[in-house]
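S.K.: This note's numbering puts the first residue of the sequence shown at 171, with every later residue one more than the last. For glycine and all other residues, C-beta sits at the position ideal for the given N, C-alpha and C. Okay, here's the structure, questions in a sec.
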Amino acid sequence: VGYSTYVNLVADLIDGKDVYKYDMTQEVERAQQCIKSAKDGKIVSLVSSGDPGIYGMAGLIFEVLAESGWDPKTGLQVEIVPGVSALNSCASLIGSPLMTDFAVVSMSDLLVPWEIIVKRVEAAAAGDFVIVIYNPSSKKRIHQLQDTRKLLLEHRSPQTPVAIIKGAYRESQSIVITDLEHMEEYADKLGMISTVIVGNSSTYNFNDLMINPRGYKSKYSLQAEQKMKN
171 VGYSTYVNLV ADLIDGKDVY KYDMTQEVER AQQCIKSAKD GKIVSLVSSG DPGIYGMAGL
231 IFEVLAESGW DPKTGLQVEI VPGVSALNSC ASLIGSPLMT DFAVVSMSDL LVPWEIIVKR
291 VEAAAAGDFV IVIYNPSSKK RIHQLQDTRK LLLEHRSPQT PVAIIKGAYR ESQSIVITDL
351 EHMEEYADKL GMISTVIVGN SSTYNFNDLM INPRGYKSKY SLQAEQKMKN
């Protein structure tokens, strides 16, 4: 069971299986079909991208089960198989951008009002968190990331490093390292399979990589071994 795009990615693993494909926004139907099939005695896999527990289908499965009075001890058995979320995969491609505290925010206002998303962005910006942005834009959502950039510029330098990763680890993968001032020039790199990582006040670029210092340099000499040799 799953969103058609995700199910197609594992086509080689599901030959001969009963497959239920759904469109975008049919998450509830997916969850209900999954639970129904499980109650019918079938072993069911609900395909979710990234990690199912991070903006994935795990939450909805538990919500639907909870509404039905499900008892985890005596009812259907649910196993969450952890995956690699976009924040992990994208960070691995651009250096070490998540070495200090960071916040993750989705720009999708389909289920969460935009006013609440703005409050979360403002809090993360004021707190000097590195910010990972999921779902930065879509065909119907253009202004959200533009508004977010304006909010961030109220708290951060225009030269704050920004990475735009599209299709991480896919054949279509593309990576742009830019900054807050110029990130709008790369609007063509944004979409539902894009992730944006915005550095904090200590983040810097090094040879097209983002480095977010953990703080070792303030306590230790990183060149100690070289000095001893000299």
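Quick one, which of L379, T330, C204 and Q196 has its alpha-carbon nearest Q247's?
M.R.: Considering only alpha carbons, the answer is C204.
S.K.: Count the other C-beta atoms from every protein chain shown that fall within 10 angstroms of the C-beta of N370, then say buried if there are 16 or more, exposed otherwise.
M.R.: Flag for N370 reads buried.
S.K.: Provide the residue span of the beta strand (DSSP E) that contains A333, from first to last.
M.R.: It spans P331 to K336 - the beta strand (DSSP E) in which A333 sits, taken as one unbroken run.
S.K.: Would a C-beta distance cut-off of 8 Å place K344 and K359 closer than the cut-off?
M.R.: It should be noted that the sequence gives Ser, not Lys, for residue 344. Cβ atoms of S344 and K359: closer than 8 Å.
S.K.: Counting Cβ pairs, one atom from each stretch, are 3 or more of them under 8 Å apart for the segment 363-381 and the segment 257-265?
M.R.: Taking 8 Å as the limit for Cβ pairs, the verdict is that the segment 257-265 does touch the segment 363-381.
S.K.: Are the segment 208-218 and the segment 175-195 touching by the rule of at least three beta carbon pairs closer than 8 Å?
M.R.: These segments touch.
S.K.: Quick one: Cα of E197 to Cα of S219, how far?
M.R.: One C-alpha to the other measures close to 13 Å.
S.K.: Whole angstroms are fine: how far does the CA of G385 sit from the CA of L392?
M.R.: Spanning the two alpha carbons is a distance of roughly 11 Å.
S.K.: State buried or exposed for S364, treating a residue as buried only when at least 16 other CB atoms are found within 10 Å of its CB.
M.R.: Result: buried.
S.K.: Tell me the DSSP secondary structure of Y225 in three-state form.
M.R.: Three-state DSSP puts Y225 in coil, outside helix and strand.
S.K.: Relative to the alpha-carbon of S308, which residue among T318, G361 and V368 has its alpha-carbon at the smallest distance?
M.R.: The option with the nearest alpha carbon to S308 is G361.
S.K.: Which residue comes first and which comes last in the beta strand (DSSP E) that contains S276?
M.R.: Here the beta strand (DSSP E) through S276 covers F272 to S276.
S.K.: Run through DSSP, which three-state label would Y339 get?
M.R.: Looking at Y339 - three-state DSSP - the assignment turns out to be coil, as it is neither helix nor strand.
S.K.: Please classify V282 as buried or exposed, where buried requires at least 16 other C-beta atoms within 10 Å of its C-beta.
M.R.: It is exposed - the Cβ of V282 has fewer than 16 other Cβ atoms within 10 Å.
S.K.: When you compare each of E324, P306 and S255 to G297 by their alpha carbons, which one comes out closest?
M.R.: When each option's Cα is compared against that of G297, the closest is E324.
S.K.: What is the DSSP secondary structure of K187, reduced to helix, strand or coil?
M.R.: Residue state, collapsed to three classes: coil.
S.K.: Measuring alpha carbon to alpha carbon, tell me which of D193, V180, L183 and D182 ends up nearest S174.
M.R.: Closest option to S174, Cα to Cα, is D193.
S.K.: Are there 16 or more other CB atoms within 10 angstroms of the CB of K336, so buried, or fewer, so exposed?
M.R.: By the 10 Å Cβ count, K336 comes out buried.
S.K.: T365 by DSSP, collapsed to three states: which one?
M.R.: If DSSP states are grouped into helix, strand and coil, T365 belongs with the strands.
S.K.: Starting from S259, follow the alpha helix (DSSP H) in both directions and report where the run begins and ends.
M.R.: Start and end: A256 to L263.
S.K.: Beta-carbon within less than 8 Å of G111's beta-carbon, same chain only, minus the 5 sequence neighbours each way: which residues are those?
M.R.: Outside the displayed span of the chain (171 to 400) sits residue 111, for which this structure offers no information.
S.K.: Hey, out of S255, M227, T270 and A208, whose CA is closest to A338's CA?
M.R.: When each option's Cα is compared against that of A338, the closest is S255.
S.K.: Check whether the Cβ atoms of V275 and I287 lie closer than 8 Å to each other.
M.R.: A contact, by the Cβ cut-off of 8 Å.
S.K.: Let's see if you can read the secondary structure: which residues bound the alpha helix (DSSP H) around D317?
M.R.: Element bounds for D317: H313 to L323.
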